[in-house]
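Asker: Position 80 of the sequence shown, counted from 1, bears residue number 79 in numbering that gives the first Met the number 0, the numbering being contiguous throughout.
Have a look at this one before I ask anything.
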Amino acid sequence: MRNLDSKSDSNVVPIDPRQAELVARISRATTTDGINPTAFSPLAFIRTSDVSQPLPSVYSPSLCVVVQGRKRAIIGNESIYYDAFNYLIVSVTLPVLGQVVDASPERPYLCMRIDIDVNEMGRLLLDLENNTSPASQSALPYFIARMPTDLLDVVLRLVRLLDAPDDLSVLGPLALREIWYRVLRGEMGHRLRHLVAVDGPVQRISRAIQLLQRRYQQPLRIDELADASHMSLSTFHARFKAVTSMSPLQFQKKLRLYEARRLLMMEGVEVATAAHRVGYESPSQFNREYRRLFGSPPRREITSLRRRRVNASDE
0 MRNLDSKSDS NVVPIDPRQA ELVARISRAT TTDGINPTAF SPLAFIRTSD VSQPLPSVYS
60 PSLCVVVQGR KRAIIGNESI YYDAFNYLIV SVTLPVLGQV VDASPERPYL CMRIDIDVNE
120 MGRLLLDLEN NTSPASQSAL PYFIARMPTD LLDVVLRLVR LLDAPDDLSV LGPLALREIW
180 YRVLRGEMGH RLRHLVAVDG PVQRISRAIQ LLQRRYQQPL RIDELADASH MSLSTFHARF
240 KAVTSMSPLQ FQKKLRLYEA RRLLMMEGVE VATAAHRVGY ESPSQFNREY RRLFGSPPRR
300 EITSLRRRRV NASDE
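Here you go:
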């Protein structure tokens, strides 16, 4: 497993006043741990008040900016660390193991997430096509980069607009467009152009991923996925693995098991019910694959979770 590390010290308090203001504003806006939506629908804030175990989640196409704390994301065979004022771009839906590694109640992990609108990005690319360098041919649908000051300026302006609702509806989309402009013109802009190219290989695979995500409970039909990508079966298999680091079957399995774990841990669903909901006909196969991915069978994890909750309530 490779490690991509931002290599900055997450324990250093931001000295740039713009950074400090962004931390303060997001801290005030996040009243609870988890995802906190904002009045501007593409933008959400994320807060975590303690370090965590690796937790499964599904990342949608987005830009994530960490403003405080540090996080590890395991995507395929990559282990990515990113911390304060680095940004992560993910251009397709991906199952990810995420772990907050630097957070406390006094200094929580804070992150802002901006959804990617591929159609809007395509329109912006048309405006920039004569002023940009050639797109990178890297197939990986994500990258991490340090936030430059011009991008920090516009990100802060967007967050400030949340306090001015009358201005937000008009100026918010303009600020968002400038954010994408700054990213496209930045050090990793060539990677983003490749990732969001409308008929490029990454977005072709993205169409198959969207179909797979809608039907992950159903038996997998590779020919349908290949057709959605406008690729032959052999080309589709090779490109899918290049983009996701997984085969389509492995990808489907992770979607199923990640959703099953959420049902078990967050909604208290029984094991057999969770297995059935995500498409498993055989409970023994579900238990076997769950244990292989998460390290212990589902019932043991549930018992351990309940024990931790009882202990926490007694403290």
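Even for Gly, the Cβ is constructed at its ideal location relative to N, Cα and C.
As the structure is a prediction and not an experimental result, all values here were calculated from the model.
On the criterion of 16 or more Cβ atoms from any shown chain inside 10 Å, does residue 9 qualify as buried, or is it exposed?
Answerer: Unreliable placement is indicated for residue 9, whose pLDDT of 42 sits below 50; no coordinate value is reported for it.
Asker: Thinking C-beta only, is residue 91 closer than 8 Å to residue 228?
Answerer: No, these two residues do not count as a Cβ contact at 8 Å.
Asker: To the nearest angstrom, how far is the alpha carbon of residue 234 from that of residue 50?
Answerer: Near 41 Å, if we compare the C-alpha coordinates of residue 50 and residue 234.
Asker: Less than 7 Å between C-beta atoms, sequence neighbours within five positions excluded: which residues of the same chain meet that for residue 63?
Answerer: For residue 63, where only same-chain residues beyond five positions count, the Cβ hits under 7 Å are 86, 87, 110 and 112.
Asker: Taking only the alpha-carbon atoms, compute the straight-line gap between residue 317 and residue 160 and give it to the nearest angstrom.
Answerer: The requested residue 317 is not part of the displayed model; the chain covers only 0 to 314.
Asker: Just to confirm, is the Cβ distance from residue 212 to residue 254 under 8 Å?
Answerer: Taking 8 Å as the Cβ cut-off, residue 212 and residue 254 qualify as a contacting pair.
Asker: Relative to the C-alpha of residue 72, which residue among 24, 21 and 142 is closest?
Answerer: Ranking 24, 21 and 142 by Cα distance to residue 72 puts 142 first.
Asker: Let me make sure I understand the geometry here. Which of 93, 294 and 38 has the alpha-carbon closest to that of residue 165?
Answerer: Comparing Cα positions, the closest option is 38.
Asker: Since residue 58 contacts residue 89 with CB under 8 Å, what's their CB separation in whole angstroms?
Answerer: Contact flag correct, Cβ pair sits at about 5 Å.
Asker: Could you tell me the alpha carbon to alpha carbon distance between residue 214 and residue 249, rounded to whole angstroms?
Answerer: Cα to Cα, residue 214 sits roughly 14 Å from residue 249.
Asker: In chain order, what residues of the same chain lie with their CB nearer than 8 Å to the CB of residue 251, ignoring the 5 residues before and after it?
Answerer: Only 211, 215 and 219 meet the Cβ criterion.
Asker: Quick one: using the 10 Å Cβ neighbour count with 16 as the cut-off for buried, is residue 12 buried or exposed?
Answerer: At residue 12 the pLDDT is 46, less than 50, meaning the model places this residue with poor confidence; the figure from the coordinates comes in the next sentence. Classification of residue 12: exposed, given that the 10 Å Cβ count is below 16.
Asker: Going by beta-carbon coordinates alone, are residue 188 and residue 182 separated by less than 8 Å?
Answerer: Cβ distance < 8 Å, so residue 188 and residue 182 count as in contact.
Asker: Between the alpha carbons of residue 185 and residue 34, how many angstroms are there, rounded?
Answerer: Cα to Cα, the separation comes out at about 28 Å.
Asker: Can you tell me whether residue 200 is buried or exposed? The criterion is at least 16 other CB atoms within 10 Å of its CB, across all chains shown.
Answerer: Buried: at least 16 other Cβ atoms inside 10 Å.
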